[in-house]
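If you read the sequences in order, they're chains A and B.
Using our numbering, the first residue of the first sequence is number 2, and each one after it goes up by one.
Using our numbering, the first residue of the second sequence is number -18, and each one after it goes up by one.
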Amino acid sequence: MVQKLGTLTETASQTGGPYVHIGCIPTFAGLPGVYPEDLGLSPIAEGAKGEVITITGSIYDGTGWAMRDAMFESWQADATGRYAGQPGADPAVSGFCRFAADKDTGEYTLRTVKPGAVKGHDGRLMAPHISVWIVARGINIGLHTRIYFDDEDNSADPLLARIEQRPRVETLIAKRIAEGHYRFDIRLQGQGETVFLDI
Amino acid sequence: MTETGRLIPRRRDMHPVPYDPEYKTSLTRSPNLPLLSLESTPSEETGPRFGHGLIGALDNNLILNFSKGAAPAIGERIRVHGRVLDENARPVPHTLVEIWQANAGGRYRHVKDTYFAPLDPNFGGCGRTLTDENGYYEFLTIRPGAYPWPNRGNDWRPMHIHFSVFGHSFGQRLITQAYFEGDPLIARCPIAATVKDRGQLDQLVAPLDMGASRPMDYLAYRFDIVLRGRRQTMFENKPEGM
């Protein structure tokens, strides 16, 4: 016998199921009035500093079908690379957003400010990115990924550098399609599968 | 913020398998390729915080919150309570816990739920609360009904409540489900069965807690939740090998 560690094991995940909207964005789900408004409606408030951008896209299952029932959460730094609560962070940037695939088209929209680069623990800068967490029916444990931007210098980003198959880097990079407007599609499985993170 | 340190890597074998033939929807919604494993960065070690100003007086009372206190929901009254801890067995205080569930007949108030069990005009099915300084939370609700769902020929979900927990960092984000002690449908449920470790499945089953129940009012069930912890060491932030 040896000493007991006294540590616990993380509770097992379970799928958010088809009705995740009821619990997380009830007004969107058709239950208005339970709360004054849905949590995380916008990651920015009036007066947020930086370039306001819109990201749209879809999330596709392994058959290429744009899923109508996925829910997303995003977390990001402000325009100077500070997370909410850190010294000097922009008070108009909460950095957190919840949004869902449209129930008819499957398309999502995220309106935010473009984040600044964030310094990693080793002092190297991570290129501007938005962290994304995805849940839906059929996803047994929420999937983490990141959105980078094709008009930023991503060449020295430590996470992107770890991707062995270089064409897969593209799956994490939003494409600029108009002034202040980017496209970011997510593919859960198969051809062009998005890089998901265990981080 | 006093919390520092890298997140302890997830033990994926303690979680459900992403691809499980008995849960059909998972077949096309699970990555084929391995996840990219990396040590956490500030992007995962920070996360949104929510204040007490967010929470309304009835938010954790699903019996009354949909009717705004006008009329109680139909069903067996239960209290569901417990603590949110991390892997280091420390409480996670002031963190947001959200729940959602079917009504007593097994019907969700959702446009996509077409099961013919009736809606309860006084039950919405969502609630939220913040843990206190000891990581403790509680909800008052009704026991959700079991219901059939399209999967294999005749699959039924056991009675369950969905839980969403934030912790203090984006990398801790967790959604899970609480089941009820003694429900024979748990052992027949392909979603519960995506958790292959028996001990981990047992941890999703809330025991009856008579000591926390109130005579002539409600039964209680206890459901503790463990989130990822952080590695605590004074060797952090030093060059490798020093």
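Ideal Cβ placement from N, Cα and C applies to all residues, glycine included.
Would you mind reading off the limits of the alpha helix (DSSP H) that contains Ser59/A?
-> Note, Ser59/A: premise wrong, no alpha helix (DSSP H); beta strand (DSSP E) at 53 to 61.
Thr4/A: contacting residues in chain B (beta-carbon distance under 8 Å) | Looking at the sequence itself, residue 4/A is Gln, so the reference to Thr does not match. None at all; the shortest Cβ gap to chain B is about 15 Å.
Determine which residues of the region 80 to 114 of chain A have a Cβ less than 9 Å from any Cβ of chain B, and write them out in chain order.
-> Tyr84, Ala85, Gly86, Gln87, Ser95, Gly96, Phe97, Lys104
The region 53 to 69 of chain A touching the region 79 to 89 of chain A, judged by at least three CB pairs closer than 8 Å | no
Is Arg138/A close to chain B, meaning its C-beta is less than 8 Å from at least one C-beta of that chain?
-> yes
Are Ile123/B and Arg58/B close, meaning C-beta to C-beta below 8 Å?
-> yes
Would you identify the three-state DSSP class for Met197/B, choosing helix, strand or coil?
-> coil
In its own chain, which residues sit with a C-beta less than 6 Å from the C-beta of Met(-18)/B, not counting the 5 before and 5 after it?
-> Here the model assigns Met(-18)/B a pLDDT of 38, short of 50, so the residue's position is not dependable, and the following value carries that caveat. So the list is empty, once near-sequence residues are dropped.
One or two residues paired with Glu108/A in a DSSP bridge = Ser59/A
Do the CB positions of Phe197/A and Thr146/A come within less than 8 Å of each other?
-> yes
Have a look at Ile187/A and Ile60/A and give me their C-alpha separation to the nearest angstrom.
-> 5 Å
How do the region 6 to 17 of chain A and the region 64 to 83 of chain B stand: do at least 3 beta-carbon pairs fall below 8 Å, yes or no?
-> yes
Residues from the region 165 to 197 of chain A in contact with chain B, defined by Cβ distance under 7 Å = Leu189, Gln190, Gly191, Glu194, Val196, Phe197
Since I believe Leu77/B is in contact with Glu26/B (beta carbons under 8 Å), could you give me their beta-carbon distance rounded to a whole number of angstroms?
-> Actually they are not in contact, since the Cβ atoms of Glu26/B and Leu77/B sit about 18 Å apart, beyond 8 Å.
Beta-carbon proximity of Leu200/B to Leu189/B, cut-off 8 Å | yes
Exposure label - Gly255/A; buried when at least 16 CB within 10 Å = Nothing in the structure corresponds to residue 255/A, since chain A is present only between 2 and 200.
Could you check if Ala13/A is buried or exposed, using at least 16 other CB atoms within 10 Å of its CB as the buried criterion?
-> buried
Less than 8 Å between the CB atoms is what I'm expecting for Ser11/B and Glu79/B, so what's the real figure, rounded?
-> With 8 Å as the limit, Ser11/B and Glu79/B do not qualify as a contact, their Cβ atoms being about 25 Å apart.
Segments assigned beta strand (DSSP E), at least 3 residues, entirely inside the region 120 to 151 of chain B | 128 to 130, 136 to 138, 141 to 146
Write down every uninterrupted run of the beta strand (DSSP E) in the region -4 to 78 of chain B whose length is 3 residues or greater and which is fully enclosed by it, in chain order.
-> 58 to 67
Tell me, please, which residues DSSP counts as bridged to Phe197/A.
-> Note: Phe197/A sits in no beta bridge, so no partner.
What residues from chain A crowd round Arg224/B, counting only those whose CB sits closer than 8 Å?
-> One cannot answer for residue 224/B here, as it falls past the ends of chain B, which runs -18 to 223.
Over what stretch of residues does the beta strand (DSSP E) that includes Gly108/B continue unbroken?
-> 107 to 111
In three-state terms, what does DSSP make of Thr113/A?
-> strand
Compute the distance between the beta-carbons of Arg90/B and Ala98/B, then report whether it is under 8 Å.
-> no
Give every residue of the same chain whose Cβ lies closer than 7 Å to the Cβ of Tyr36/A, excluding the five residues on either side of it in the sequence, and list them in chain order.
-> Pro27
Is the shortest distance between the beta-carbon of Ser14/A and the beta-carbons of chain D less than 8 Å?
-> The structure shown contains no chain D; its protein chains are A and B.
Residues of chain A with a CB under 7 Å from the CB of Ser194/B: which are they?
-> Neighbours of Ser194/B on chain A: none; closest Cβ ~23 Å, over 7 Å.
What residue does the alpha helix (DSSP H) around Ile167/B start on, and which one ends it?
-> Neither: Ile167/B is in no alpha helix (DSSP H) and is coded neither H nor E.
Taking Ala137/A as the reference, which of Phe150/A, Glu74/A, Lys115/A, Met2/A has the closest Cα?
-> Glu74/A
Residue from Thr6/B, Asn13/B, Arg(-7)/B whose Cα sits closest to the Cα of Gln192/A | Asn13/B
Would you kindly check if the distance between the Cβ of Val114/A and the Cβ of Ile54/A is under 8 Å?
-> yes
Reference Gln81/B; option with closest CA among Gln158/B, Gln153/B, His(-4)/B, Pro(-10)/B = One point to set straight first is that residue 81/B is Trp, not Gln, in the sequence displayed. Minimum Cα distance to Trp81/B is reached at Gln158/B.
Under 8 Å between C-beta atoms, does Ser48/B make it to chain A?
-> no
Bridge-paired residues (DSSP) for Tyr36/A | Answer by DSSP bridge pairing: none, since Tyr36/A is not bridged.
Measuring only between beta-carbons, confirm whether Asn84/B sits less than 8 Å from chain A.
-> no
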